[in-house]
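>
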Amino acid sequence: MEIQLENNLQTLRSASPLVHNITNYVVMNYTANALLALGASPVMAHALEEVEEMVTIAGALVVNIGTLSSHWVEAMKLAMKTAAKLGKPIILDPVGAGATSYRNNVLAELLETAPPTIIRGNGSEILALAGASIKTKGVDSTVSSTDSIEAAYALSKKFGSVVSVSGAVDVIVKGNQAAYISNGVPLMTRVTGMGCSASAIAGAYGAVVKDPFEAAISAAATMGVCGELAFREAKSPGSFQIAFLDTLAEITPAHLTELAKIKYA
Amino acid sequence: MEIQLENNLQTLRSASPLVHNITNYVVMNYTANALLALGASPVMAHALEEVEEMVTIAGALVVNIGTLSSHWVEAMKLAMKTAAKLGKPIILDPVGAGATSYRNNVLAELLETAPPTIIRGNGSEILALAGASIKTKGVDSTVSSTDSIEAAYALSKKFGSVVSVSGAVDVIVKGNQAAYISNGVPLMTRVTGMGCSASAIAGAYGAVVKDPFEAAISAAATMGVCGELAFREAKSPGSFQIAFLDTLAEITPAHLTELAKIKYA
Amino acid sequence: MEIQLENNLQTLRSASPLVHNITNYVVMNYTANALLALGASPVMAHALEEVEEMVTIAGALVVNIGTLSSHWVEAMKLAMKTAAKLGKPIILDPVGAGATSYRNNVLAELLETAPPTIIRGNGSEILALAGASIKTKGVDSTVSSTDSIEAAYALSKKFGSVVSVSGAVDVIVKGNQAAYISNGVPLMTRVTGMGCSASAIAGAYGAVVKDPFEAAISAAATMGVCGELAFREAKSPGSFQIAFLDTLAEITPAHLTELAKIKYA
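Residue numbers (this note's numbering), protein chains in the order written: chain G, 1 to 265; chain C, 266 to 530; chain P, 531 to 795.
#1: Are the C-beta of G:Asn29 and some C-beta of chain P separated by less than 8 angstroms?
#2: Please classify P:Ala728 as buried or exposed, where buried requires at least 16 neighbouring CB atoms within 10 angstroms.
#3: If you measure from the beta carbon of P:Lys665 to each beta carbon in chain G, is any gap under 8 angstroms?
#4: Grab the span of the alpha helix (DSSP H) containing P:Gly596 for me, first residue to last.
#5: Listing by chain order, which chain G residues have their CB less than 9 angstroms from the CB of C:Gly458?
#6: Please list, in chain order, all residues of the same chain as G:Gly193 whose beta carbon is under 7 angstroms from its beta carbon, the five residues on each side excluded.
#7: Helix, strand or coil for P:Ile747 per DSSP?
#8: Rounded C-beta distance between P:Met610 and P:Val593? I'm assuming under 8 angstroms.
#9: Can you say whether P:Arg720 is buried or exposed, counting buried as having 16 or more other CB atoms within 10 angstroms of its CB?
#10: Have a look at the DSSP bridge pairing and note the partners of P:Asp700.
#11: Among the candidates C:Pro477, C:Ala480 and C:Ser429, whose CA atom is the shortest distance from the CA of C:Gly460?
#12: Taking contact to mean 3 or more Cβ pairs, one atom from each stretch, closer than 8 angstroms, check whether the region 764-773 of chain P and the region 677-685 of chain P are in contact.
#13: Check P:Pro645 in the structure and name its three-state DSSP category.
#14: Given that a residue counts as buried once 16 or more other Cβ atoms are within 10 Å of its Cβ, and exposed if not, what is P:Asn538?
#15: Provide the residue(s) that pair with C:Gly386 in DSSP beta bridges, ordered along the chain.
#16: Skipping 5 residues on each side, what residues in its chain have a beta carbon closer than 7 angstroms to that of C:Ala508?
#17: By the three-class DSSP mapping on this structure, what secondary structure does G:Tyr153 have?
#18: Is the beta carbon of G:Val208 sitting closer than 8 angstroms to the one on G:Thr11?
#19: Is DSSP giving G:Val209 helix, strand or coil here?
#20: Can you pull out the residues from the region 585-607 of chain P whose beta carbon lies closer than 8 angstroms to at least one beta carbon of chain C?
#21: Given a threshold of 16 other Cβ atoms within 10 Å of its Cβ, counted over all protein chains shown, does P:His601 qualify as buried or as exposed?
#22: Looking at the structure shown, is P:Ile621 part of a helix, part of a strand, or coil, going by DSSP?
#23: Helix, strand or coil: how does DSSP classify C:Asn551 here?
#24: Determine, using beta carbons only, whether P:Val556 comes closer than 8 angstroms to chain C.
#25: Identify every residue that forms a DSSP beta bridge with P:Leu548.
#26: Please state the DSSP three-state secondary structure of G:Ile57.
#27: If you compare alpha carbons, which of G:Ala200, G:Leu38 and G:Arg103 is closest to P:Glu580?
#28: Are the CB atoms of G:Asn122 and G:Gly160 nearer to each other than 8 angstroms?
#29: Does DSSP put G:Lys158 in a helix, a strand or coil?
#30: Expressed to the nearest angstrom, what Euclidean distance is found between the alpha-carbon atoms of G:Ser218 and G:Ile3?
#31: Shorter than 8 angstroms from the beta carbon of P:Ile772 to some beta carbon of chain G?
#32: Which whole-angstrom value is the C-beta distance of C:Ile356 and C:Ala444, which I expect to be below 8 angstroms?
#33: Taking 7 angstroms as the limit between beta carbons, can you name the residues of its chain near G:Ser133, skipping five residues before and five after?
#34: What does the alpha-carbon distance come out to for the pair P:Ala746 and P:Ala638?
#35: Since P:Ala751 and P:Ile792 are thought to touch, with beta carbons under 8 angstroms apart, how far apart are those beta carbons, to the nearest angstrom?
#36: Enumerate in chain order the residues of its own chain whose CB-to-CB distance from G:Asp147 is below 8 angstroms, with the five nearest sequence positions on each side excluded.
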């Protein structure tokens, strides 16, 4: 298997796809800036009255349940239905899955509404989403990503989705295929919105790369390599957060080829 | 025509006007910090129960429709009505105008509720607001600002508003007057919330400068000059975003006189 | 009286308590990053459907009324009731108290719902909360913190709360005790979310330190000392904001002992 990391980044930048995010309050600014820095075009819109039209003009839909409330859930469903009907990629970020039964119930409803093209979460969220009855410790904690591979395979088979599990090693699963990406730095877990940005960037790649497995791998590799490059500039969370945005703008296709560590199984 | 750029900045800083923002989730933090850095005093409040009182103690009202939903629209209308009754300047930022019919309908309702003192948007938003039936590509895209001058004149005549069109050259229109401001740097389009900050800062100047045309010019010149000064420090979007906030605090009246490039027509 | 500043910071970092925030849109990202940087684990959740469960798995609840609306108030009450029943510390940040009657009414309802363990605000907010009929000038303004000591004592006696008044000198009151903390820098008032971060960090300490008076003092000292350390790196508000997050991650227990200036009365 050969992922066209360089081409995909160039395509993203030349197409500058509009990514429609229905996401949480905590990360809206950061993910909008991450998309802009990388070269995509973000829009955040959650009104029931406009999500259909917004999905229609967008290249991908990213749904993130970080700060849920009931009227947002209705808009998420309508947007997902619309995206599915139009054949636009849907990225689901199950933030805090397992933390409360409300989150689990909403996630079950969303999965029934339309199968996501890509599901991206940390290990505990993917485990919870797959029905493993664990309780997460907040939205930033993780279990080992390799522990949750079984859950990722199960989700992928049930919904036909690519499942991207973020962790020290990112594991990306589609059907019986898996890719392991060994990039990134631990400091990324000390900045809020890194996972949410990974999902948003999966939306940007999903909008321009036909194969969602390849899109998810490109997104995870871009995040990980940018994390490593940013860590050369900044070792503490505040300045790292800013250096990471800089790096998303500065990263070249050649950086990806040179630094991405991807294995397939 | 002689704009008192230096005096206006000094007045803003000595008065530190309270600017009441009903704005979008994406930029709330950044625009609050921009107002604080420049020397104004921000408040963000959107509850129907309190917007009348908040407008009453504020020096200006900034309404930004970036992340619309229906209960916010009711509060926007009540706040605009109150501001109009009390003679306080209203700044309207029609984020994403033209992207969905919901946005267009809400904007039409807001314009009927009370004529804005200043309307500030990018070229495509101003075109859409003026009824030109174009579809915007997301909230950060622009058409050439000069293309939208006709739309700006039409809006200004219909509503008596100053219309400030942001772009490579900012064009500010009032009745038959126009000012062209050739400051700023392209990197400003790669940071979310720059346009929204321009609107918030127009609110801060609007609160302390009697003539809204002069207030809008002062705000656009301040944004553009700060963009140029910040670009001396930072060439990538993350660090530029931070340098821009620093510059809002550091800019002196003399910087404005020295660097602002304003032409009148 | 001997506050175990060093131990408390070490305990916070080793326990990494989950802090449940129902807070305002403006500061959500910054306070989440502040908690993560210091070593705690943030969660932001406001849905009526899930706050009970979220409080149950959290170590502390922080309620901040910065951008109020009615359906959030219901969730705040339910969360506070749940926290009180479970004996978990409740931190109340009365942002903008006194600015509108809606805020005052909501605060009265919240105080009736459950007595906060710690109330943290600036001088004008504490005065307003204590019923002094003053009008605040926005959410970032302050009166001298010493002016509001009487109000703090009154609140502490009425509700059994620790009351932490932020200002040039922070004053922390419990019953007849008071602590005065002379740390921090004036630039902290030019960055939005500093007060809200102080409340969130009081939640983090409250989750791991038994005595709420000691928790509030540890939080205020940590904020103030980090402000001084960050000011060594950055003198303007944008870069200071980022340096402050870095400092929260970098501060050692020894820094606290060395730099904290605490007096008791």
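Positions of the beta carbon are idealized from the N, C-alpha and C atoms, including for glycine.
Judging by the given coordinates:
#1: Stepping through the first sequence from its first residue, residue 29 of chain G is reached at position 29. Yes, G:Asn29 lies at the interface with chain P (some Cβ there is under 8 angstroms from its Cβ).
#2: Along the third sequence, one-based indexing puts residue 728 of chain P at 198. Label assigned to P:Ala728: buried.
#3: By one-based count along the third sequence, residue 665 of chain P stands at place 135. Here P:Lys665 scores only 44 on pLDDT, less than 50, and its place in the model should not be relied on; the value that follows carries that caveat. Chain G, which has no Cβ nearer than 8 angstroms to the Cβ of P:Lys665, makes this no.
#4: What you label residue 596 of chain P is simply residue 66 of the third sequence in a count that begins at 1. It is not in any alpha helix (DSSP H) - P:Gly596 carries neither H nor E in the DSSP assignment.
#5: On the second sequence, residue 458 of chain C is found 193 positions in, with the first residue counted as 1. Asn29, Ala32 and Asn33, listed in chain order.
#6: As a first step, residue 193 of chain G must be located in the first sequence, where it is residue number 193. Val26, Val27, Tyr30 and Thr31.
#7: By one-based count along the third sequence, residue 747 of chain P stands at place 217. P:Ile747: helix per DSSP, three-state reduction.
#8: The residue labelled residue 610 of chain P in the question sits at position 80 within the third sequence. The residue labelled residue 593 of chain P in the question sits at position 63 within the third sequence. Between P:Val593 and P:Met610 the Cβ distance is about 6 angstroms, and since that is below 8 angstroms, they are a contact.
#9: Here residue 720 of chain P corresponds to residue number 190 of the third sequence, with the count starting at 1. P:Arg720 comes out buried.
#10: By one-based count along the third sequence, residue 700 of chain P stands at place 170. According to DSSP, which records beta bridges pairwise, P:Asp700 is partnered with P:Ile711.
#11: Locating residue 460 of chain C in the second sequence gives position 195, counting from the first residue. That would be C:Ser429, whose Cα lies nearest to the Cα of C:Gly460.
#12: no
#13: Within the third sequence, the letter at position 115 stands for residue 645 of chain P. Three-state DSSP puts P:Pro645 in coil, outside helix and strand.
#14: Walking along the third sequence from the start, residue 538 of chain P turns up at place 8. Per the 10 Å Cβ criterion, buried.
#15: Along the second sequence, one-based indexing puts residue 386 of chain C at 121. Per DSSP, C:Val430.
#16: By 1-based counting over the second sequence, the position of residue 508 of chain C is 243. Cβ neighbours of C:Ala508 beyond the five flanking positions: Ala495, Glu498 and Ala499.
#17: Indexing the first sequence from 1 puts residue 153 of chain G at position 153. G:Tyr153: helix per DSSP, three-state reduction.
#18: Residue numbering aside, residue 208 of chain G sits at position 208 when the first sequence is read from its first letter. Residue numbering aside, residue 11 of chain G sits at position 11 when the first sequence is read from its first letter. Taking 8 angstroms as the Cβ cut-off, G:Val208 and G:Thr11 qualify as a contacting pair.
#19: In the first sequence, residue 209 of chain G corresponds to position 209, counting from 1. In the structure shown, G:Val209 sits in coil (DSSP, three-state: anything other than H, G, I, E or B).
#20: Gly596, Thr597, Leu598, Ser599 and Ser600
#21: Taking the first residue of the third sequence as position 1, residue 601 of chain P is located at position 71. So P:His601 counts as exposed.
#22: To locate residue 621 of chain P, count along the third sequence from 1; it is residue 91. Looking at P:Ile621 - three-state DSSP - the assignment turns out to be strand.
#23: Past the boundaries of the shown model lies residue 551 of chain C; chain C is included only from 266 to 530, so the question cannot be answered.
#24: In the third sequence, counting from the first residue as 1, residue 556 of chain P sits at position 26. Yes, its Cβ sits closer than 8 angstroms to a Cβ of chain C.
#25: The residue given as residue 548 of chain P occupies position 18 in the third sequence. Answer is P:Ser571, bridged to P:Leu548.
#26: To locate residue 57 of chain G, count along the first sequence from 1; it is residue 57. Looking at G:Ile57 - three-state DSSP - the assignment turns out to be helix.
#27: The sequence position of residue 580 of chain P within the third sequence is 50, counting from 1. Ranking G:Ala200, G:Leu38 and G:Arg103 by Cα distance to P:Glu580 puts G:Arg103 first.
#28: Here residue 122 of chain G refers to the residue found at position 122 when the first sequence is read from its first residue. Here residue 160 of chain G refers to the residue found at position 160 when the first sequence is read from its first residue. Cβ atoms of G:Asn122 and G:Gly160: not closer than 8 angstroms.
#29: Here residue 158 of chain G refers to the residue found at position 158 of the first sequence. If DSSP states are grouped into helix, strand and coil, G:Lys158 belongs with the helices.
#30: Taking the first residue of the first sequence as position 1, residue 218 of chain G is located at position 218. Taking the first residue of the first sequence as position 1, residue 3 of chain G is located at position 3. Between G:Ser218 and G:Ile3, the C-alpha separation is close to 8 angstroms.
#31: In the third sequence, residue 772 of chain P corresponds to position 242, counting from 1. So, interface residue.
#32: As a working mapping, residue 356 of chain C is identified with position 91 in the second sequence. As a working mapping, residue 444 of chain C is identified with position 179 in the second sequence. Actually they are not in contact, since the Cβ atoms of C:Ile356 and C:Ala444 sit about 17 angstroms apart, beyond 8 angstroms.
#33: Numbered from its first residue, the first sequence carries residue 133 of chain G at position 133. Residue placement at G:Ser133 is poorly supported in this model, since its pLDDT is 41, which falls under 50; the coordinates still yield a value, given next. No residues qualify anywhere along the chain.
#34: For the purposes of this step, residue 746 of chain P is taken as the residue at position 216 of the third sequence. For the purposes of this step, residue 638 of chain P is taken as the residue at position 108 of the third sequence. Spanning the two alpha carbons is a distance of roughly 22 angstroms.
#35: To locate residue 751 of chain P, count along the third sequence from 1; it is residue 221. To locate residue 792 of chain P, count along the third sequence from 1; it is residue 262. So it is a contact: roughly 6 angstroms between Cβ atoms.
#36: By one-based count along the first sequence, residue 147 of chain G stands at place 147. Excluding residues within five positions, the ones whose Cβ falls inside 8 angstroms are Gly123 and Leu127.
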